[in-house]
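*Asks:* Sharing a structure with you now.
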Amino acid sequence: MQRTSVSTFFKKYGIILSSITLIVLLAGCQSSSGDASSEGWFNHYFISPFSYLIKWIAGNFNDDYGISVILITLAVRLILMPFMLMQLKKSYETQEKMKLFKPELDALQAKYKDKTDVESKQKQQQEMMELYRKHGMNPFSAMGCLPLLIQMPFLIGFYSAIRNTPEIATHDFLWFNLGTPDMVLMVIAMAVYWLQYRVSQIGVDPARRQQARMIGIISPLMIGFISFSSPAVLPLYWAVGGLFVICQTLLAKFLFQRKK
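This is the structure in structure tokens:
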């Protein structure tokens with residue numbers, strides 16, 4: 020019972036939780052980027068190359084660091100896109116299987132509802148695993164850990180490079196200075212992340228949408244909290260990345276999600 024409920028939770032909210040986990044890690048990098056990122060292999064293989072790339076691309080656009088950050092953000096997301104599409108495809112396939120699987124699972128749970136002895140619990144677990152095998156499902160197959168682990172070094176490395184490239188703070192982009200907080204851009208980034216959540220819920224059953232409402236609120240609030248005192252280049256990075264994820268999610272839904 021416990022294993023099933025945990026796996027079901029990750030199947031429903033894996034992508035949203037991955038995004039929130041990444042935001043939390045990036046928030047942590049904000050306070051520790053000084054000493055921890057100045058030495059070691061991660062700095063050598065991820066942060067320093069990204070910092071060099073930011074400056075090199077900006078130099079080819081008349082020192083426009085805003086364009087440089089946007090182009091690299093899009094390039095990184097494009098590189099990671101196949102992994103994310105694979106995760107989304109697997110998630111949609113699992114959701115379709117669960118629609119056929121759930122009635123039998125509910126019947127099994129009802130069968131053992133009032134039985135609390137150890138022998139009945141063991142039989143329930145055995146029958147439950149038989150159901151998973153019957154429908155070709157793995158309780159932990161849709162947690163989505165691998166795509167998150169693949170993207171984290173790139174996204175955290177790029178994020179840290181942005182924070183550790185002082186030249187960025189001395190330049191303007193559009194209406195704001197890249198090195199100082201900007202409330203308008205903060206609101207835009209929050210709106211993008213809220214829209215990203217809304218797009219992820221297209222085609223989802225109303226009951227599941229209701230369950231995910233709180234998770235959908237947390238992500239934009241965290242973006243706003245971090246952006247309030249951060250250089251404007253960070254909400255710019257989040258807004259551009261969020262818009263890309265929205266387009267990626269819409270593409271995945273068009274390709275993989277069964278039309279009702």
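Residue numbers (the working numbering): 20 to 279. Virtual Cβ for every residue (Gly too), placed ideally from N, Cα, C.
1) Which residues does DSSP list as the beta-bridge partners of aspartate 191?
2) Which stretch, first to last residue, makes up the alpha helix (DSSP H) that contains tyrosine 131?
3) Is the CB-CB distance between proline 254 and leucine 204 below 7 Å?
4) Measuring only the C-alpha atoms, how far is tryptophan 257 from alanine 208?
5) For isoleucine 66, I'd like the list of residues in its chain whose CB is within less than 8 Å of its CB, leaving aside the five on either flank, ordered along the chain.
6) Helix, strand or coil, according to DSSP, for isoleucine 221 in the structure here?
7) Exposed or buried, leucine 45, counting other C-beta atoms within 10 Å across all chains shown (16 or more means buried)?
8) Taking the beta carbon of threonine 199 as the centre, do at least 16 other beta carbons fall within 10 Å, making it buried, or is it exposed?
9) Ignoring anything shorter than 4 residues, give me the alpha helix (DSSP H) runs that lie fully in the segment 55-110, in order along the chain.
10) Report all residues from its chain with a CB closer than 7 Å to the CB of leucine 269; omit the five preceding and five following residues, and keep chain order.
11) Which residue marks the beginning of the alpha helix (DSSP H) containing proline 185, and which one marks its end?
12) Of all the CB atoms in chain D, is at least one closer than 7 Å to the CB of phenylalanine 61?
13) How many Å lie between valine 252 and leucine 93 at the Cα?
14) Tell me which residues share the same chain as glutamate 123 and place their Cβ nearer than 7 Å to its Cβ, disregarding the 5 neighbours each side in the sequence.
15) Taking contact to mean 3 or more Cβ pairs, one atom from each stretch, closer than 8 Å, check whether the segment 228-247 and the segment 71-82 are in contact.
*Replies:* Taking the definition as stated:
1) Asn196
2) It is not in any alpha helix (DSSP H) - tyrosine 131 carries neither H nor E in the DSSP assignment.
3) yes
4) 6 Å
5) Ser56, Gly176, Ser179, Ala180 and Asn183
6) coil
7) Note that leucine 45 scores a pLDDT of 49, beneath 50, so its modelled location is shaky; the value from the coordinates is reported in the next line. Result: buried.
8) exposed
9) 67-78
10) Val218
11) Unbroken run through proline 185: none, as it is neither H nor E.
12) The displayed structure is made up of one protein chain only, and chain D is not part of it.
13) 15 Å
14) Leu150
15) no
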